Every structure is written in structure tokens, then in C-alpha cells.
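Written below as C-alpha cells is the structure these notes are about.
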Amino acid sequence: MTSIVNSRASFHSNSLVSISDANDSYKPVLGKQNYISCIKNGETMEFNAKKLRLDYCIIPRINDINGAGAHSSTYPDLLHLLSRNTQSSLSQVRQMHAQMLRTGLCDLPHYRTKLFSLYSNHHRFSDAKNLLRSILKPDLLSFTALINASSKFNDFKNTLILFSQMLTNGLYPDAHVLPSIIKACAGLLAVKIGEQVHGFSLASGLSLDPFVESSLIHFYVKCDKLIGAHKLFDKMVERDVVSWSALAAGYARKGDVINAKKVFSEVKIFGFEPNTVSWNGMIAGFNQSGCFLDAVLMFQQMHLHGFTSDGTSISSVLPAIGDLGYLNAGTQVHGYVIKIGFAVDKCIVSALIDMYGKCGCALEMSQVFEDIGQADVGACNAMIAGLARHGLVDKALTVFKELQGQGMELNVVSWTSVIACCSQHGKDIEALNIFREMQAAGVKPNSVTIPCLLPACGNIAALMHGKAAHCFSLKRGISGDVYVGSALIDMYANCGKIQAARCCFDRMPARNLVCWNTMLGAYAMHGKAKEAIEIFHCMQRSGQKPDSVSFTSLLSACSQSGLTEEGHSYFESMSKDHGIEARVEHYACIVTLLGRAGKLEEAYSMIKKMPFEPDACVWGALLSSCRLHHNMSLGEVAAGKLFELEPKNPGNYILLSNIYASKGKWKEVDKVRDIMRDMGLRKNPGCSWIEVKNKVHMLLAGDKSLPQMAQILDKLNRLSMEMKKAGYLPNTNYVLQDVEEQEKEHILCGHSEKLAVVFGILNTSQGSPLRITKNLRICGDCHAVIKFISRFERREIFVRDTNRYHHFKDGDCSCGDYW
DNA sequence: ATAGGGTTAG
């Protein structure tokens, strides 16, 4: 951020004043030239507004314009008239400028300042800047006019550049220009510059100005430093409606509804009346912090108090309405928007599209989008997100392509939306490709882009891509963000790099519940119960209360590792000590926990004792356990329930058939297969991904189109001969098709996870680990084969299936043969 | 002259 005040002139970094505890300990003193000092705890700190030369280019003076020649004394009046009349055209301003140059009025700061304001009001910053360059010794008034104007038009970068030029000219800000500079720092979240400016205001005594104080409060609120804002507020001698409103909005932004409302109502006690801007600040703050209902209620109350909502209130309340799904309210606001003619406001249109999208109204959403005709980036972005929400991925991509095609300004939200759209709808490789395109287009990913992209890397275990995204976040300084951090933990865990996941976790400067839960989930996925339990206790020691998600991960980790006793006691303590009522997913974990330990009857009675209807996950947990322990009678009960709950899930039929096969009940196996055939169910095609040399390869079961297929099968045959020598028998129970044994063996050979392992062995250097992801649960035969391969080929092999991670090493698997 | 309020991505 410091680069915004460019290196040519800036507050000297050595004199950076830390403000965090400065409010009462700084006292300004007179400093030597160009230095302003302040005293902190008896120590003098110097503040250096460093001077650097600015090369001036002086524009030629216009000597005459078409013989226009009013007497010079009439210009001040004319100028006054022009600046009062907002309708004055740009050409009138230019003529005035020319005449002023001719008559020398341009040299008088007071008149010149008017000219700056006139140009700025016409958004002609380049003209204003040329005017600035033409002045030999620009004065504070000229800079003030320009800085205030660029700040007013939210051109904050320009504001700070001008500020730096002002310092270069040896000019110090006064109370009239500081608020605009501070506003720019707030808008750009330029924390360090803002704090230095605060230091300057303290040192110079300008911090006592109510305008400066209010803008500083807003600055700290915007930069998420509410405590600093409050300290300032407390020290204020005279508070007004602006300072109260800024603080109230600050609490609203933090989601502190109680304090926000308290401060907001205190305004009245102290004799002030909240105005439209005060109300808008509350609505926007509540919307930003996710207090959607409070935002909507504020909007309603605003009207009850006799205020009329303007464009700002509407574009702040619409997203809140959308999140609540209040279609009725949304439609009313839409009607109001049309009635008062706000349907041309770009922000409002985007907000309307967003609202309809969130309320599930794809048609209305598209209607608003089409009605604009010339859609801007915001509207397109809202549309992409809305289409993605409705699963209309292709349409979303079309809108994005149109946006690109029209040469509209290619922004980070659009790219992020479309990346999110892909990674959320199983188009992981597309997400990675679009991310690459985005970089090629010169758009820099931010702290939202990375968490949208990382799941795509994790889904297909594209470790190199994930690492590249990690590097990006380090370079962009966003790796400390809780969303980025959690997404990194998840990505590394999904790619099998549990230590790297832990490393990211340990390095986080701050953690919220999601970070802890992600780490817990990562250990659970890897079946590392000991570590999960450690994190669980660590979390509580750090003051973070676990929620029901934390317990799901903890219980799942215990069940994966066979920690039956521990899991059971955590389950009991959940409601007893933590006041969290067990949900269906917790029961599923307990059923798995008991089932794995062979306590199938106990698991079944647990299901019967559940305070609500067991769902497919619970019965699925029982059925899996029955398969593990070859329990046919309970397996049939569980399968029967599952066939009712999800008749079209082929996985359940396959599990039951596995149980029959293990007992040699071939007739029953046939029966299950016939049911599947009659229902038109087919086993989902198996699919595995492996990253080799930075490219992700997808392998389908029985894929004959693979160029290396002959080699792969050859290698697989040779491995299988070695395995048979070592006593391995292919487990054809896993083949459901009604074919000869020989053919069954052949089908097993075609399983995608085996293909991926062998593909990896053929294409990577000896001894390097292999990371594979599968779209189904790993097949039992493949599990046995990969265990063997890990020993025979001396490779660590990581296979993530839909259930968990399998880490094969030296002939064993981390799951202990339970999955 | 100057301060407080807006959409779209997780």
C-alpha cells in the first residue's frame, strides 16, 4: 500500500508513528524544518515529510482567444457565477481558464482554486493537473481543491498521489485537506499511511478538529480496528452526528448488533438526529457483517421514521433481502426502484440481479439482466454468480465469455466468480485453466480468488497447482487471511500433505472456528485420531468453543482409527459438557465407531434409540460395517432401508452384493444384480486423477483410448505375476458383472485407481510418491494390489477416495484395512 | 473548502 504514495515523496518510514496506543501519550512539539516531532513516553520521535524534486512542465500560456476581451475586473464575478452554477459547461470553464491566463488572474491563488474545483466537478482531473503543473509555486489551496475533489469522486489513488506531490512541494496539510486524505486511506485500506497521517495530526494538533477526528474514526472502522476507533471517539471533546454515526456503523460492520444499536440511539440522547447517511451506514454495516435481518429491519425503521431511502440504502438492503430469501420484500423494493427511476443505477441493478438469484428466481434475474441492454461488469458478475447458484454453469461461462468479448474491463470479481462456479460444480480442471488465463490477462488474484481456486486443486489432488496458489498468497501478503489459510489447510490435506496442512495451520496469525474445524477435518480424513484429539483440546485451551462440526470431525477421526472408547466418551460429553445436541451426522459416526469394532448389534440399537429418523448416512454406516464383518442379516436390514431412502444409489446394491459374495451366496448376488439391471442402475464409472509433471491426468475405468494403455497393462501383468508368487489372489468378489472368472480378473485390471498407480510408476522417477484421487470408494482388490505395489516398487502411494485418505507404505495402508 | 452510506466473488 505504501506504493500509492510513491517513493518520490512520502512520510519517512523511519518516522512511522504507531498509533495503536498513541491516543493519550502523544504531545506535539515544534520541530526543526521539515520535521515534526512528537513525544511518546518521554521519548521524542521525529516525523519527516521528505522533500523530493518534482519536475515541472509548464504548459504554454494561451495569449488570446478569439478576441474575447472582457475587462479583467469582471472575471471574479463570472468565476463565482460559474462555480455556483453546476450547469456550467466544460467549454465555458476552458474559456474562463484561457482568459485568466491572459489577464494574469491565474496567479492569484483564490481564483485559481475555483478553477480547480470547476475542472474537478467536470471530472477533468487531467486538465486540473495540467493547471497544477503550470504553477511555479503551487499553494496549499490549489492542492486542497484538487485533493478534496478527487476524494469526493472516490478516486483515492489519485488523492494520495496528489498528497505526496503536495508534500514534495513542502506543503503541510491543514484541517481542510486532512479529512479527504484520511478518507482516501480508509478507501484504499492503506493502514500504514493512515496511521502516519494520524501521527501527523496528533503532532500538529490538527487531530482536535472535529472533521479530522470523524474521518479518523471512519478510517479505523474501515481498516477493521474498531478498538482504535472507539479510543478516538472516547477522547473527542465535541462529538456530533457524524462521529456517532461512524462509530455505530463500525459496530454494525463487526456484527455487534447490541452496541451498534446502543450507539445509534445514543445520538438522540445527546441531542442529535440521525440523518439518511446515518441510517444507511447501519444498513450497510449489518449487511456486511451478515446481520441480514437487522439490515432489513433498519431499512424498515428508517421509513417509519419518515426518511426516504435513496440509492445507497437500496443497494445495501437488497443483498440482505436476498440472503434471507425474502422474495416478497425484494419484489416490493424492485417496484419502488422502478417507480422512483433508480432502475438506471448500476449498483442497484447488480443488487437486484443478486437478490433474484439468491431468492431462486432465475427468470426474474435474467429479465432484469436483459432489460439493462448494456450490462456493466457488476451486473455481469452478479449474473454469473446467480447462474452458478442455479447450476447453470454453461450459461455462466457464456456470460463470462461475452464479458471478455466485449472488451469490458477484465475485473477480479468476474474471474473469481467464474472460478468459483467451476470448482463448485466439479469442473476442477476448467477452474485451473481459467485461473491461468486470469494471470495471463494481468488480473491479480486476491484473498477471495484463492479460496475459490484451492478446492479445485484439492478435489483432483493437483498439488503443484495448489502450491502455486500458496506462493501467490504469500507474495500478495494474504496468506494470513482466515479464509485463505483454511482453504490452504484443506487443499494440502486433500492432496495428502497432512504435515504441510499442519504447517499452514501453525503459521496462521489468527484463527477462527472454521480454521480449527478445517484442521480437525483434515486429521479425520487422514484417520489421524491422536492428532485430531490434540487439536480439539488445543482449540478449547485457546478459548475457541467447538461446535457441532468440530464434533463430527472428532468423532469421525475416532471411528476411522478404531478409538471406540474415546469416541464414545466424546459423544456423551458433547451434549453434557458442551450443550450441543447430537445430530444425525454424529449418530452416523457413532454407528461407524461401533460397527468397526464389530459391535453391530449395539450400533443397530443406537440407531433405534435415535431421537429422529435415521438418514441414508446412518444406514450406510451400518451397511459398510456389516460388509466388513460379513454380517448378512443386519446388512439386509440396512440395505432394505437404503433401497427405500435412495433407490437409485448403485453403491448400496454393490455393498450388499459384496456381503453375499463373501458368504458365497451367489444366487443372492445374482438377484441383486438383476434388481440393478431392472432398475436401469449401473455402477458409476470409476475415475481417478493423478498429477504427473504439473499436469493432471484423468483415467477412466477400462479406458482403452489411453495412449500408454499397452504399456500399463504389460506392467500390471508383470506386477500381478510377482504378486501371485507372493501369495496374492485377485479378489473377484468385487466384480459384479456376470462374466467368467478370467474376464473378472481382466475387469479388475481395468480399475481406474490401478491404472493411475501404474501410469504414475511409468511416468515418474523411481521412489517418488504418487498422489491419486478417486471418485468412488477404493475397491478392495485395488487396495490389496496397491499395498503390494507400495512394497514391491518402494513407493509411497496416497489414494484419496470419497471416504478418506489411504496412505500406502511398505505394504501397509494407514487405514488399517478399514474403509 | 473538509468528515459518516452502496452492488457483484469465499
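Residues in the first sequence are numbered consecutively from 1, following UniProt numbering.
We treat Cβ as the ideally placed atom computed from N, Cα and C, and that holds for glycine.
Nothing here was measured: the structure is a model prediction, and the numbers come from that model.
Straight-line CA distance for residue i to residue j?
i, j, result
"T773", "M698", "10 Å"
"C815", "Q560", "7 Å"
"D817", "N381", "47 Å"
"A94", "L140", "Per the sequence shown, the amino acid found at residue 94 is Arg instead of Ala. Cα to Cα, the separation comes out at about 23 Å."
"Y356", "G330", "8 Å"
"I269", "C495", "58 Å"
"S486", "F400", "28 Å"
"L397", "V418", "7 Å"
"A461", "L178", "51 Å"
"K395", "E370", "14 Å"
"M282", "S214", "16 Å"
"H305", "H334", "21 Å"
"C504", "V799", "22 Å"
"P274", "M236", "19 Å"
"A343", "V349", "6 Å"
"A500", "I489", "8 Å"
"L642", "R596", "19 Å"
"K427", "I434", "11 Å"
"D256", "G285", "10 Å"
"M100", "F125", "19 Å"
"V448", "V696", "24 Å"
"E644", "Y660", "20 Å"
"D810", "M721", "19 Å"
"R541", "I535", "10 Å"
"E793", "D354", "54 Å"
"C38", "T552", "Confidence at C38 is low in this model, with a pLDDT of 40, below 50, so the placement of that residue should be treated as unreliable; the coordinate-derived value is given next. For C38 and T552, the distance between alpha carbons rounds to 55 Å."
"P546", "S265", "35 Å"
"H630", "F788", "24 Å"
"K724", "F808", "19 Å"
"D376", "I227", "38 Å"
What residue does the alpha helix (DSSP H) around residue i start on, and which one ends it?
i, result
"M676", "W666 to D678"
"F505", "I498 to R507"
"K744", "E741 to C749"
"M698", "Where M698 is concerned, there is no enclosing alpha helix (DSSP H), although the beta strand (DSSP E) it sits in stretches over K695 to L700."
"G511", "The sequence shown places Arg at residue 511, rather than the Gly named in the question. Premise fails: R511 is in no alpha helix (DSSP H) and is neither H nor E."
"Y220", "P210 to K222"
"N459", "T449 to N459"
"T592", "V584 to R596"
"A389", "Note on identity: in this sequence residue 389 is Arg, with Ala being the wrong assignment. V377 to R389 is the span of the alpha helix (DSSP H), which, as asked, contains R389."
"C495", "Premise fails: C495 is in no alpha helix (DSSP H) and is neither H nor E."
For the beta strand (DSSP E) that residue i lies in, which residues bound it at each end?
i, result
"residue 862", "One cannot answer for residue 862 here, as it falls past the ends of the chain, which runs 1 to 819."
"S688", "C687 to V692"
"Y336", "Not the beta strand (DSSP E): Y336 falls in the alpha helix (DSSP H), residues L327 to K339."
"I772", "L770 to K774"
"Y805", "Y805 to K809"
"I712", "No beta strand (DSSP E) holds I712; the alpha helix (DSSP H) holding it covers M709 to K725."
"F798", "I797 to R800"
Compute the distance between the beta-carbons of residue i and residue j, then report whether it is under 8 Å.
i, j, result
"A493", "M539", "no"
"N684", "L593", "no"
"L762", "K715", "yes"
"V584", "M606", "no"
"C452", "G466", "no"
"C813", "H783", "yes"
"L162", "S120", "no"
"V549", "C515", "no"
"F299", "V317", "yes"
"M770", "G780", "A small correction: the amino acid at residue 770 is Leu; Met does not occupy that position in the sequence shown. No. Outside cutoff."
"A529", "L474", "no"
"Q288", "R253", "yes"
"D240", "F219", "no"
"R804", "G527", "yes"
"C347", "S309", "no"
Length at least 4, wholly inside the region 272-303: the alpha helix (DSSP H) runs in chain order:
276-288
Check whether the region 143-162 touches the region 178-188, taking contact to mean three or more Cβ pairs, one atom from each stretch, closer than 8 Å.
yes
Output the residue ranges of the alpha helix (DSSP H) runs that lie fully inside the region 103-161 and measure 4 residues or longer, sorted by chain position.
109-121, 125-134 and 140-152
I want to know whether the region 641-659 touches the region 685-693 - three or more CB-CB distances under 8 Å.
no
Quick one: complete alpha helix (DSSP H) runs, 4+ long, within the region 587-652?
600-609, 616-628 and 632-645
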